[in-house]
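Below is one structure, written out as structure tokens; the observations come after it.
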Amino acid sequence: MSTTNTSLPSLDAEALYAKLVQQVKAGLQGVEHAAIVGIHSGGAWLAERLAAELQLNDRLGFIDVSFYRDDFAEKGLRPDVKPSQIGFDVEGATIVLVDDVLYTGRTTRAAINELFDYGRPARILLASLVDRGGRELPIAADFLAETIVLADNQSLQLQRADDGRFSLTVVHA
């Protein structure tokens, strides 16, 4: 099976990120105990930049949902599993959970399950750069930069350049 990468000039990842930042800033106005948690790896990259812009670097965390996925027994452990790092008190926090691409909702569900292992947040808000449809669970983003439609044999991947700039690529399986 070969994969072909196609660039999406119509989806400017940096412009989408700027749109997402404005939504999150507005949504967190006046919120106490706000925190940002990114899902590895694309969501973690977005979360790092969001936390810096929102001055929440001390309330930034990362999670890898590999052990929490409902298809773990089926797919096994990925070789690139990263440790989850949440160095703040989740109890009572308003957490912005960040993922790059929202698809079936299963990654989000797994991330929420893992967050509750750290405590009971007051609220969890979902921020996603792109929603590609295809939901299998009743999950929707609170903050969303763009909605697109992809074929079942396509996926959308976020890349981060050495200078920190984002780009999006459609991968055909």
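Heads up, the sequence shown is in UniProt numbering, so the first residue is 1 and it goes up one at a time. Even for Gly, the Cβ is constructed at its ideal location relative to N, Cα and C. The model shown is predicted, which means the values in this text are computed figures rather than measured ones.
Residues in its own chain within less than 6 Å of residue i by CB, not counting five upstream and five downstream?
| i | result |
| --- | --- |
| Gly87 | none |
With C-beta atoms as the reference, is residue i less than 8 Å away from residue j?
| i | j | result |
| --- | --- | --- |
| Val21 | Leu60 | no |
| Ser66 | Leu102 | no |
| Leu125 | Phe143 | yes |
| Leu156 | Arg106 | no |
| Gln85 | Phe116 | no |
| Leu54 | Ala145 | no |
| Val98 | Ala47 | yes |
Just how far apart, CA to CA, sit residue i and residue j?
| i | j | result |
| --- | --- | --- |
| Asp12 | Pro121 | 33 Å |
| Gln159 | Gly42 | 7 Å |
| Ala52 | Leu28 | 14 Å |
| Tyr68 | Trp45 | 20 Å |
| Gly119 | Ile39 | 17 Å |
Looking only at its own chain, which residues have a Cβ that is under 8 Å from the Cβ of residue i, when we skip the five neighbours before and after it?
| i | result |
| --- | --- |
| Glu32 | Thr94 |
So, is residue i buried or exposed, given that buried needs 16 or more other C-beta atoms within 10 angstroms?
| i | result |
| --- | --- |
| Thr108 | buried |
| Glu114 | buried |
| Ala111 | buried |
| Val37 | buried |
| Val149 | exposed |
| Ala34 | buried |
| Ala141 | buried |
Leaving out five residues on either side along the sequence, give the residues of the same chain with a beta carbon under 7 Å from the beta carbon of residue i.
| i | result |
| --- | --- |
| Val81 | Asp64, Ser66 |
| Val90 | Leu115, Tyr118, Gly119, Pro121 |
| Lys25 | Leu54 |
Would you kindly report the start and end of the unbroken beta strand (DSSP E) that includes residue i?
| i | result |
| --- | --- |
| Asp100 | 94-102 |
| Glu146 | 143-147 |
| Gln22 | Element bounds for Gln22: not the beta strand (DSSP E) but the alpha helix (DSSP H), 13-27. |
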